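Asker:
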Amino acid sequence: MIPWASPLAQYRAHQEPIRSAINRVLDSGIYILGEEVESFERAFAEYCGGSHAVGVASGTDALILALKTLDIGPGDEVITVSHTAVATVAAILACGATPVLVDVDPTYYTIDPTRIEDAITSRCKAIIVVHLYGQAADVEAIVEIARRRRLAVIEDCAQAAGGRFRGRRLGSIGDVGCFSFYPTKNLGAIGDGGLILTSDANIAARVRRLRQYGWDEARETHDAGLNSRLDALQAAILQAKLPHLDHDNSRRAMLAGLYNNGLAGLPLELPATQRDGSHVYHLFVVRCRDRDRLKTHLAADGIGTAVHYPTPVHCQHGYAERVVIPPQGLPVTEELAGQILSLPIYPGLGDDDVARVARSIRQYYQRSH
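Count along the sequence shown from 1, then add 1134; that gives the number in our numbering.
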């Protein structure tokens, strides 16, 4: 069986430095925050070209804390997309704000900048830009809109660690960048973890307080905060893997190239890449009208796939009643949901595995057409 993702393969590829990092933390006796977390925060900020990084418990918490730090709450609106992991919208609701959802670009599947202006009201405070599947959204165009309308820009980089837009690392372009280190991510922990990146010292200082109840260094509270701390084990593991991130992302891009060659000429829409951005291929997502039949065929052939995401957020119970969508709806988002399919991709995937997947897809189309 070829899985669509493999955290185990990630671990095995970096097994020795990971085990060394774990032993170092165990012997230190400091398991929450501490020097291991601070060291990783410094390394990740330097890698991304940001001034400050703050480790937190998850990517979802990173979004929640970013919103809280920007004083976004009840009565406020935040613009983002429905074609995303539900965590993006869940974070807005967790702060008591209202998600205002706009459609995505039909080519890149990221937020369509031309849809944003019409969604802005006097209650709008921020835009969350999702760099989906590893694809860079047109973040500079969105920042330009936001600056003109005095809105904050939060980059959701959960699927795009290491990506760039016009030479700048994703997460360093808006006011705040939010990262997830869930085990399947391009930089994955062995457990949960997240991080907030910013060049604003005041934002960083407030996030540091809010991630631990609102405490300052004297354990006096200034705000009502959360318990959302990156633990030392995960920080050490992430720092052990960070030097390999660019290499692993290059491997993903090479595998994507093999897929593009192997699937050329088939009735599939292959991933496009922003001209000014990079694609780090957290996922390799194809689009086809007979998605479910192709998925069933591949499963029968021992090939795992996934759908990211089968139900748009604005169509899900508990969310549909609490979000705002434009009068014309979200037609691109809803069409994508029935057509997208994530094929296997991760650095440990072999060239021959990609060839096998491509061969199976070709066989499917030869039989069905």
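Using N, Cα and C, we set each Cβ at its ideal position, and we do this for glycine too. Source: prediction; values computed, not measured.
Residues in its own chain within less than 8 angstroms of Ser1494 by CB, not counting five upstream and five downstream?
Answerer: The residue labelled residue 1494 in the question sits at position 360 within the sequence shown. His1431, Leu1432, Asp1435 and Ile1437.
Asker: Would you say the beta carbon of His1217 comes nearer than 8 angstroms to a heavy atom of the ligand GTP?
Answerer: The ligand GTP is absent from the structure shown, which contains no ligand whatsoever.
Asker: Can you look up His1148 in the DSSP assignment and give me helix, strand or coil?
Answerer: Here residue 1148 refers to the residue found at position 14 when the sequence shown is read from its first residue. Correct three-state label for His1148: coil.
Asker: Quick check for students: name the residue ranges of the alpha helix (DSSP H) that lie wholly in the region 1305-1365, counting only runs of 4 or more.
Answerer: Segments of the alpha helix (DSSP H) lying fully in the region 1305-1365: 1335-1344.
Asker: Suppose the cutoff is 6 angstroms on Cβ atoms and the five residues either side in sequence are ignored; what does the same chain contact list for Ala1155 look like?
Answerer: Taking the first residue of the sequence shown as position 1, residue 1155 is located at position 21. Closer than 6 angstroms at Cβ, skipping near neighbours: Ala1370, Ile1371 and Ala1374.
Asker: Which one of Arg1456, Asp1382, Glu1150 and Gly1184 has the shortest CA to CA distance from Glu1289?
Answerer: As a position in the sequence shown, residue 1289 is number 155, starting the count at 1. It is Gly1184.
Asker: Alpha carbon to alpha carbon, how far is Ala1175 from Phe1313?
Answerer: By one-based count along the sequence shown, residue 1175 stands at place 41. By one-based count along the sequence shown, residue 1313 stands at place 179. Checking the displayed sequence, the identity of residue 1175 turns out to be Glu instead of Ala. Taking the straight line from one Cα to the other gives about 12 angstroms.
Asker: Less than 9 angstroms between the C-beta atoms of Val1263 and Val1238, yes or no?
Answerer: The residue given as residue 1263 occupies position 129 in the sequence shown. The residue given as residue 1238 occupies position 104 in the sequence shown. It is not a contact, given that the beta carbons lie outside the stated cut-off.
Asker: Specify, as a first and last residue, the run of the beta strand (DSSP E) that Cys1182 falls within.
Answerer: Taking the sequence shown and counting its residues from 1, the one referred to as residue 1182 is at position 48. Counting along the chain, Cys1182 falls outside any beta strand (DSSP E), though it belongs to the alpha helix (DSSP H) covering Glu1169 to Cys1182.
Asker: Hey, which unbroken runs of the beta strand (DSSP E) at 3 residues or more fall wholly within the region 1471-1502?
Answerer: DSSP runs (the beta strand (DSSP E)) wholly in the region 1471-1502: 1474-1477.
Asker: Take Ala1515 and list the residues in its own chain whose beta-carbon comes closer than 7 angstroms to its own, dropping the five residues that flank it on each side.
Answerer: Because the chain in this structure spans residues 1135 to 1503, residue 1515 falls outside the shown range and cannot be described.
Asker: Check whether the Cβ atoms of Ile1479 and Phe1418 lie closer than 9 angstroms to each other.
Answerer: Mapped onto the sequence shown, residue 1479 falls at position 345. Mapped onto the sequence shown, residue 1418 falls at position 284. Yes, they are a contact pair.
Asker: Who pairs with Asp1290 in a beta bridge, going by DSSP?
Answerer: Sequence index remark: in the sequence shown, residue 1290 carries index 156 (1-based). Paired residues: Val1264 and Cys1312.
Asker: In angstroms with no decimal places, state the Cα-to-Cα distance between Cys1422 and Pro1401.
Answerer: By 1-based counting over the sequence shown, the position of residue 1422 is 288. By 1-based counting over the sequence shown, the position of residue 1401 is 267. Spanning the two alpha carbons is a distance of roughly 7 angstroms.
Asker: When you compare the region 1321-1340 with the region 1179-1196, are there three or more beta-carbon pairs, one atom per stretch, that lie closer than 8 angstroms?
Answerer: Yes, they touch.
Asker: Look up Val1457 in the DSSP assignment and say whether it is helix, strand or coil.
Answerer: Mapped onto the sequence shown, residue 1457 falls at position 323. Reduced to three states, the DSSP call for Val1457 is coil.
Asker: On the DSSP bridge list, what partners appear for Cys1258?
Answerer: Residue 1258 sits at position 124 when you count from the first residue of the sequence shown. Note: Cys1258 sits in a beta bridge opposite Glu1211.
Asker: Going by C-alpha distance, which of Pro1481, Tyr1242 and Val1287 is nearest Ala1270?
Answerer: To locate residue 1270, count along the sequence shown from 1; it is residue 136. Ala1270 has its Cα closest to that of Tyr1242, out of Pro1481, Tyr1242 and Val1287.
Asker: Could you spell out the range, first to last residue, of the alpha helix (DSSP H) harbouring Leu1235?
Answerer: The residue given as residue 1235 occupies position 101 in the sequence shown. Looking at the DSSP string, Leu1235 is not in any alpha helix (DSSP H); the run it does join, the beta strand (DSSP E), is Thr1232 to Val1236.
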